[in-house]
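Please read the structure below before turning to the comments.
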Amino acid sequence: QESLAKRMEQSKSGLSSPPLQPQIVLPHVPVSTVDYINASHPDLIQPHEKVHWLQNSKNDTNYSYSIFSAVYSPDSPPAPGIPPFAEPGFIALPPTYRRQTLFKMSYPPELYPNAVCNDGTMGALYFAKPEGADNNSDTPKTWLMYLQGGGWCFDKESCRARMQYTPDYMSSTRWAETRVEGGIFSPDPSLSPLAHAYKVYQPYCTSDAFVGDAAASDATFGWHFRGQANVEATLKEMVRLLGLKSGDTLIFSGCSAGGRGAMFNIDYVPQMIPEGVRVIGLFDAAMWVITSSFILPQQTAMVLQLSNAYGRLGEKCAKVHTAPEEQWKCLYGQFRAQYVSLPFLMAASQYDSFQLFTNTPHMEPYTQQEWEYIGQFRQAVRSALSSLPQHSTTVFSVGCWLHCITETELMWERFVVDQYGIALSLR
1 QESLAKRMEQ SKSGLSSPPL QPQIVLPHVP VSTVDYINAS HPDLIQPHEK VHWLQNSKND
61 TNYSYSIFSA VYSPDSPPAP GIPPFAEPGF IALPPTYRRQ TLFKMSYPPE LYPNAVCNDG
121 TMGALYFAKP EGADNNSDTP KTWLMYLQGG GWCFDKESCR ARMQYTPDYM SSTRWAETRV
181 EGGIFSPDPS LSPLAHAYKV YQPYCTSDAF VGDAAASDAT FGWHFRGQAN VEATLKEMVR
241 LLGLKSGDTL IFSGCSAGGR GAMFNIDYVP QMIPEGVRVI GLFDAAMWVI TSSFILPQQT
301 AMVLQLSNAY GRLGEKCAKV HTAPEEQWKC LYGQFRAQYV SLPFLMAASQ YDSFQLFTNT
361 PHMEPYTQQE WEYIGQFRQA VRSALSSLPQ HSTTVFSVGC WLHCITETEL MWERFVVDQY
421 GIALSLR
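Residues in the sequence shown are numbered from 1 upward in steps of one, following this note's numbering.
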């Protein structure tokens with residue numbers, strides 16, 4: 001921060017009006033919380049300095065980010081692939097992060113007849129062994145099971161639109177035989193403490209945050225909501241075919257809808273796997289909080305009823321929120337996380353872009369009232385995180401406008417607070 005401020009002052013002294021201002025690529029994030037600057041201002045960067053930055057592209061519901069790396073060299077012409085805001089002088093470098101290829105394994109329908117997607121097609125998992133794995137070794141193994149995120153649907157119209165615009169979240173028909181995943185799936189041992197873990201990716205096609213238990217009927221508008229059955233099928237296949245056994249460690253995780261699904265399912269996981277497996281949670285972008293907007297609480301109450309998710313309210317939480325009009329709270333991070341029995345790591349952005357976009361509901365420019373709301377939202381997140389039980393919880397929270405830390409390679413190097421990051425926490 002001090003270096004950037006110094007360079008800004010130096011650059012301003014030689015510029016005519018208007019003065020140069022830094023442009024932060026992650027929207028709405030103060031300079032103090034991120035060091036990515038817009039590459040169209042190379043005079044803020046020293047020659048031959050390696051720079052990382054993000055280029056964002058907006059869709060109807062969120063921002064997605066592409067990672068760029070470059071070395072600034074004033075005498076070199078720009079190379080192909082430089083983003084449109086970059087000026088001459090940047091040379092694109094190839095990605096330095098290794099990604100993991102996982103292979104699809106469909107559920108046998110005779111064993112898991114209920115493990116289906118919204119449209120009735122069979123669910124599946126994706127699996128990758130670590131490099132040099134010895135399947136015959138009795139050495140305890142570490143497993144990562146990761147539940148994919150992707151919102152949900154909560155009434156007839158939202159489910160119809162979901163199938164029209166994002167059919168892969170409701171059907172397995174078009175799923176590829178392989179997936180390539182980065183972030184927490186990195187096989188690079190220099191970055192990831194999970195490089196040698198056996199990795200399982202749970203694709204999302206039930207639109208219920210993995211908590212539903214409803215067959216298709218008129219009440220569900222003809223859709224199946226079988227998130228519970230898909231999670232159970234994956235865990236049982238990990239035991240039956242892949243080798244999960246007593247003495248192993250299972251990191252049960254996910255992001256967004258998958259992170260919430262991991263939170264809501266984790267206390268039921270030991271019932272589905274051998275006794276003696278150590279289970280730890282990693283919930284990314286799962287801390288939904290109550291603010292002045294009631295859009296997400298209303299959706300949660302509707303999903304609870306539509307998908308018949310009453311079997312995933314959690315024993316402890318259900319005893320507290322017994323009234324029918326309050327049961328939805330046990331599918332809401334602010335209320336449910338404190339009752340999770342198993343140890344877990346909670347990764348949460350204090351400016352969660354999905355929640356803020358849903359509640360506003362638009363990107364900038366914001367009104368003064370909306371900016372005040374965003375500040376209140378941050379305080380609500382911090383308050384909810386501080387209320388978690390300290391004896392069994394690790395919290396990693398950044399003041400950045402983003403959603404799903406674990407799905408980006410930047411989680412290993414850039415999302416760090418006081419030299420601590422998710423990688424160190426996992427170790």
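Even for Gly, the Cβ is constructed at its ideal location relative to N, Cα and C. Please read all numbers here as calculations on a predicted model, not as lab measurements.
- Listed as beta-bridge partners of leucine 385 by DSSP are no residues whatsoever.
- Listed in chain order, the alpha helix (DSSP H) elements of length 4 or more contained wholly in the region 307 to 357 are 315 to 320 and 333 to 336.
- In the pairwise beta carbon analysis, the region 235 to 250 is classified as touching the region 139 to 146: at least three pairs are separated by under 8 Å.
- Across the structure, leucine 125 and tyrosine 107 are spaced so that their CA atoms are roughly 8 Å apart.
- Between cysteine 400 and tyrosine 351, the C-beta spacing is below 8 Å.
- Contact between leucine 147 and phenylalanine 210 holds, since their C-beta atoms are separated by about 6 Å, short of 8 Å.
- Around proline 203, the same chain offers Gln148 as residues with beta carbons nearer than 6 Å, after the five sequence neighbours per side are excluded.
- Taking the C-beta atoms as reference points, lysine 236 is found no nearer than 8 Å to glutamine 100.
- Residue state for valine 398 is assigned as strand, using DSSP reduced to three classes.
- Looking at the DSSP output, glutamate 181 bridges to Gln100.
- Per DSSP, lysine 245 is not a residue of any alpha helix (DSSP H), being assigned neither H nor E.
- The Cβ atoms of glutamine 338 and serine 387 sit closer than 8 Å to each other.
- Of Lys316, Ala233, Met287 and Ala215, the smallest CA-CA separation from glycine 120 is found for Ala215.
- The three-state reading of DSSP puts isoleucine 273 in coil, since its state is none of H, G, I, E or B.
- Distance between glutamate 110 and alanine 233, taken at the CA atoms: about 12 Å.
- Between the alpha carbons of phenylalanine 377 and valine 289 lies a gap of roughly 8 Å.
- The beta carbon of methionine 170 is closer than 7 Å to those of Cys117, Asn118, Asp119, Arg162, Met163, Cys205 and Ser207 in its chain, skipping five residues each way along the sequence.
- The C-alpha of glycine 261 lies about 30 Å from the C-alpha of glutamate 370.
- DSSP places leucine 194 in the coil class of the three-state scheme, outside both helix and strand.
- Its chain contains Pro187 as the residues whose beta carbon lies nearer than 7 Å to that of glutamate 131, once the 5 sequence neighbours on both sides are disregarded; these appear in chain order.
- Here leucine 331 is near alanine 309, since their CB atoms are less than 8 Å apart.
- For glutamine 390, the three-state secondary structure derived from DSSP is coil.
- With respect to the C-alpha of glutamate 177, the residue from Ala133, Gln390 and Met105 having the closest C-alpha is Met105.
- Selection Pro113, Ala133, Phe221 and Arg240 evaluated against alanine 195 yields Ala133 as nearest (Cα-Cα).
- The count of Cβ pairs closer than 8 Å, one atom from the region 318 to 335 and one from the region 281 to 295, reaches three, so the stretches are in contact.
- Taking 8 Å as the cut-off, the beta carbon of serine 307 is found closer than this to the beta carbon of phenylalanine 225.
- Listed in chain order, the non-local C-beta contacts of tryptophan 152 below 7 Å within the same chain comprise Ser207, Asp208, Ala209, Ala257 and Val303, local neighbours out to five positions each way being set aside.
- The beta carbon of lysine 156 is closer than 8 Å to those of Phe221 in its chain, skipping five residues each way along the sequence.
- Proline 343 and leucine 191 have their C-alpha atoms spaced approximately 23 Å apart.
- DSSP, read as helix, strand or coil, puts isoleucine 290 in coil.
- Just measuring C-alpha positions, the residue of Thr406, Ile422 and Arg427 sitting nearest glycine 183 is Thr406.
- Looking only at Asn230, Glu409, Ala128 and Met263, the smallest Cα-Cα distance to alanine 115 is reached by Asn230.
- Burial check for threonine 173: the Cβ neighbour count within 10 Å stays below 16, so the residue is exposed.
- With fewer than 16 other Cβ atoms from the protein chains shown falling within 10 Å of its own Cβ, serine 383 counts as exposed.
- Sorting Ala128, Arg278, Trp175 and Gly150 by C-alpha distance to the C-alpha of methionine 122 places Trp175 at the top.
- Nearest C-alpha to proline 361 among Gln379, Trp412 and Ile295: Ile295.
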